[in-house]
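Peer 1: Take this structure, written in structure tokens, and hold onto it; I'll ask about it next.
Residue numbers (my numbering): 162 to 299.
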């Protein structure tokens, strides 16, 4: 255990976050997401929720907002409404709805294929998927 590091940030996850470059995507996925099929690098965190993993990641990962880029991308719901889990993801990332881009489900899968790392959580609520983009320090 490392002092000052959130306990959900296991060694392999910290290593992947460190290795990611500027604007690389870090996808936090729910338990239903086809992560094994889409991931170049997959980390499993069963027993966690997506918002708690996003909050943990945000303790060490600067979010990219260069040039007005969205700091957070969420899968848009089929009915167009913002679900509670999505509000919790925005809160966990410290990013409001204006800084969030909602991406159509099938387009989201295409974006997910390009993610540097996918972290599959135990989140069972639908639309519990979030992409964070790594920013610069300082």
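Beta carbons: idealized from backbone N, C-alpha and C, even for Gly. All figures in this text were calculated on a predicted structure; none of them were measured in a lab.
What separation, rounded to the nearest whole angstrom, lies between the Cα atoms of residue 246 and residue 234?
Peer 2: If you take the alpha carbons of residue 246 and residue 234, they lie about 13 Å apart.
Peer 1: Apply the 10 Å Cβ neighbour rule to residue 253 and answer buried if 16 or more other Cβ atoms are within range, or exposed otherwise.
Peer 2: Label assigned to residue 253: buried.
Peer 1: Can you find a CB in chain B that lies within less than 9 Å of the CB of residue 210?
Peer 2: As a matter of chain content, chain B is missing from the structure shown, which is built from one protein chain.
Peer 1: Let me know the secondary structure DSSP gives residue 172 once reduced to three states.
Peer 2: Note: residue 172 maps to helix in three-state DSSP.
Peer 1: Could you tell me the alpha carbon to alpha carbon distance between residue 298 and residue 223, rounded to whole angstroms?
Peer 2: C-alpha separation (whole angstroms): 6 Å.
Peer 1: Per the contact definition of three or more C-beta pairs closer than 8 Å, is the stretch 162 to 171 in contact with the stretch 253 to 263?
Peer 2: Because the criterion of three Cβ pairs below 8 Å is not met, the stretch 253 to 263 and the stretch 162 to 171 do not touch.
Peer 1: Tell whether a beta-carbon distance below 9 Å holds between residue 176 and residue 294.
Peer 2: For residue 176 and residue 294, no; Cβs fall outside 9 Å.
Peer 1: Alpha carbons only, please: which of 210, 262, 195 and 213 is nearest the one belonging to residue 274?
Peer 2: The shortest C-alpha separation from residue 274 is found at 195.
Peer 1: Rounding to the nearest angstrom, what Cα-Cα distance links residue 212 and residue 182 in this structure?
Peer 2: Approximately 23 Å, taken between the alpha carbons.
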